[in-house]
Amino acid sequence: MKNIEDKNKIKHYIQEYDLDKVIGKELFSYCELHTFDKGEYICQTEQEVNYFYFFVEGKAKIYTLLENGKKSLLRFYQPLNVLGDVEVFHYNQYRVFVEALEACTCIGIPIKLVRKHGIHNANFLRFLGTHLAKKLDSITFKSSMSLYPLEARLANYILENNQKENNICLIESNYVDLAELLGSSYRHLNRIIIKLIGDRIIDKKGKTIIIINLEALKALSGDCYDS
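Here the working numbering is used: the first residue of the sequence shown is 14, the next is one more, and so on.
Pasting the structure below:
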């Protein structure tokens, strides 16, 4: 992690993501700019929480480690997102791993100061509440999706990430990570992809999935995709 002394860059990100009122005057002077290289951990399980982060540039993956040592991939992060939202209220240690998939930038504010000033800022609390609600919705949805067969989970992922203007889905990281995200092995996922290609429902070029038969893909997703 590198701490970049650049208040103008911080102001740029605050304006870009309309965070002026969210951060407020009290917290702005404490804002720091932290950068992380690809493969570096932004936070790790059981690490003490020192900062609340606004995730403003890059891409990262969030996962936990199971008792058997396997990773359970929870989601991918892209701007704008936050790290440390739950920890503001409850925990003093992180409960997940957040690993940079490319160069990442965060606006960091010492968590003690967020607890002191942020909780008295209605705009900050509203912002935090919105993100926590989205996180809860995502966890609930992923839990319900685990009851569906892999074909349906993959179809839903493709549809949710479909760039509708050209009917393609760009894989956010790689197919190994996608398998983890969908709760599958890479081999099982690969078999399903090959089957869907053979059925002329999708095609694949590198990390791009091309939708050939949109209606068939929707049918595969069952009732878990809401168009």
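Glycine included, C-beta positions come from ideal geometry on N, C-alpha and C. Just so it is clear, the structure is predicted and the values come from calculations on it, not from any experiment.
Span separating the alpha-carbon of residue i from that of residue j
{"i": "residue 75", "j": "residue 21", "result": "29 Å"}
{"i": "residue 220", "j": "residue 62", "result": "35 Å"}
{"i": "residue 224", "j": "residue 198", "result": "23 Å"}
{"i": "residue 130", "j": "residue 145", "result": "19 Å"}
{"i": "residue 193", "j": "residue 77", "result": "11 Å"}
{"i": "residue 173", "j": "residue 183", "result": "11 Å"}
{"i": "residue 148", "j": "residue 154", "result": "10 Å"}
{"i": "residue 70", "j": "residue 83", "result": "28 Å"}
{"i": "residue 159", "j": "residue 43", "result": "42 Å"}
Which of helix, strand or coil DSSP assigns to residue i
{"i": "residue 235", "result": "coil"}
{"i": "residue 157", "result": "helix"}
{"i": "residue 19", "result": "coil"}
{"i": "residue 45", "result": "strand"}
{"i": "residue 171", "result": "helix"}
{"i": "residue 69", "result": "strand"}
{"i": "residue 183", "result": "strand"}
{"i": "residue 26", "result": "helix"}
{"i": "residue 215", "result": "strand"}
{"i": "residue 225", "result": "coil"}
{"i": "residue 74", "result": "strand"}
{"i": "residue 61", "result": "strand"}
Assigned exposure category for residue i - 16 Cβ within 10 Å defines buried
{"i": "residue 156", "result": "exposed"}
{"i": "residue 189", "result": "exposed"}
{"i": "residue 90", "result": "buried"}
{"i": "residue 132", "result": "exposed"}
{"i": "residue 40", "result": "buried"}
{"i": "residue 66", "result": "buried"}
{"i": "residue 232", "result": "exposed"}
{"i": "residue 234", "result": "buried"}
{"i": "residue 102", "result": "exposed"}
{"i": "residue 169", "result": "buried"}
{"i": "residue 64", "result": "buried"}
{"i": "residue 118", "result": "buried"}
{"i": "residue 100", "result": "buried"}
{"i": "residue 195", "result": "buried"}
Check: residue i C-beta below 8 Å from any heavy atom of the ligand MG
{"i": "residue 230", "result": "Although the ligand MG was asked about, the structure shown includes no ligands whatsoever."}
Of the residues the options, the one placed nearest residue i, counting alpha carbons only
{"i": "residue 203", "options": "164, 228, 19", "result": "164"}
{"i": "residue 97", "options": "228, 60, 86, 42", "result": "60"}
{"i": "residue 38", "options": "111, 103, 127", "result": "127"}
{"i": "residue 214", "options": "135, 167, 41, 194", "result": "167"}
{"i": "residue 35", "options": "52, 177, 95", "result": "95"}
{"i": "residue 208", "options": "160, 230, 138", "result": "230"}
{"i": "residue 191", "options": "181, 85, 152", "result": "85"}
{"i": "residue 93", "options": "99, 73, 112", "result": "73"}
{"i": "residue 151", "options": "87, 205, 109", "result": "87"}
{"i": "residue 120", "options": "33, 177, 158", "result": "33"}
{"i": "residue 15", "options": "45, 27, 177, 28", "result": "45"}
Chain B within 9 Å of residue i, Cβ atoms only
{"i": "residue 16", "result": "In the structure shown, chain B does not exist; there is a single protein chain."}
(request) For the region 79–155, list the alpha helix (DSSP H) runs that are entirely contained and at least 4 residues long, ordered along the chain. (result) 98–102, 124–130
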